[in-house]
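Colleague: If you scroll down you'll find the structure; I have some questions about it.
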Amino acid sequence: MIDAVWDPPPRRPRRYLSYLGLLIMVAVLATLAVVFWTGLQHPYAKAPAPCDRLGLSAVTTALGSQPPTAQPTGSDTVCQFGITAADGSPLAFAQVSLTYTEDVFRAWLHDRLHPAEGDEVDGARLTVSTSPTAPTCDLRVLVADGNLRAGLSLAFLADQAAKPCDRLDAWGTTAVRITRDFVAQL
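Here it is, written out as structure tokens:
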């Protein structure tokens with residue numbers, strides 16, 4: 001006699017358990033979408049007189065210069081400053097440009113599709129350029145926060161006593177800090 005036990009095939013999950021699993025998955029995805037969207041909805045508004053908030057005291061102190069002189073640009077999103085010695089000779093030039101995007105999501109998407117050039121320093125992009133034939137050295141910093149992109153350009157004259165072009169790494173860190181502080185005040 002053959003002793004065989006019949007083992008029925010496994011049962012499919014019950015329909016209400018499938019619906020419950022689907023409902024939980026949809027709820028989790030909806031919650032994540034809401035959290036992501038609300039996190040992106042704190043855009044910067046255009047600040048009135050942003051040029052007054054830029055603090056270049058670290059630059060003027062290190063160069064031993066007079067306070068920076070604002071130069072008119074005709075735009076409320078671009079600020080230019082001249083930094084001169086006590087005798088009036090130019091030492092450096094600073095320019096800040098602000099770019100506002102309509103909403104945070106578009107700014108985030110643009111940053112992912114078109115990443116900024118330069119090295120990342122404390123969450124900002126830093127680009128340093130020098131030329132043996134040019135009498136200047138340049139630093140460019142880009143800070144992206146929400147729908148605001150703030151760019152700071154510093155151009156130093158190379159032939160001065162402070163020798164700023166010999167210490168561009170230190171100047172880069174200072175420029176990133178200046179730009180971050182400026183964005184925090186907007």
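FYI, full-length UniProt numbering numbers position 135 of the sequence shown as 135, with every residue one higher than the one before it. Every residue gets a Cβ at the ideal spot worked out from N, C-alpha and C, and that includes glycine. Just so we're clear, the structure is a prediction, and the values are computed from it rather than from any experiment.
With distances taken Cα to Cα, identify the nearest neighbour of D166 among T130, N147, L22.
Modeller: T130
Colleague: Taking T174 as the reference, which of A161, Q71, S153 has the closest Cα?
Modeller: S153
Colleague: Taking only three categories from DSSP, how would you classify L56?
Modeller: coil
Colleague: Under DSSP, the alpha helix (DSSP H) around G172 begins and ends at which residues?
Modeller: Here the alpha helix (DSSP H) through G172 covers 168 to 185.
Colleague: Assign I24 to buried or exposed, taking buried as 16 or more other Cβ atoms, counted over all protein chains shown, within 10 Å of its Cβ.
Modeller: Counting Cβ neighbours within 10 Å, I24 comes out exposed, since fewer than 16 surround it.
Colleague: Near F70, which residues of its chain fall below 8 Å by C-beta distance, leaving aside the five closest residues on each side in sequence?
Modeller: Reading the sequence as shown, one finds Ala at residue 70 and not Phe. Closer than 8 Å at the Cβ level, and outside the excluded window around A70, lie C51, C79, Q80, F81.
Colleague: Count the other C-beta atoms from every protein chain shown that fall within 10 angstroms of the C-beta of T179, then say buried if there are 16 or more, exposed otherwise.
Modeller: Counting of Cβ neighbours within 10 angstroms places T179 among the buried residues, the total reaching 16 or more.
Colleague: Okay, do the region 51 to 62 and the region 25 to 38 touch, 3+ Cβ pairs below 8 Å being the bar?
Modeller: no
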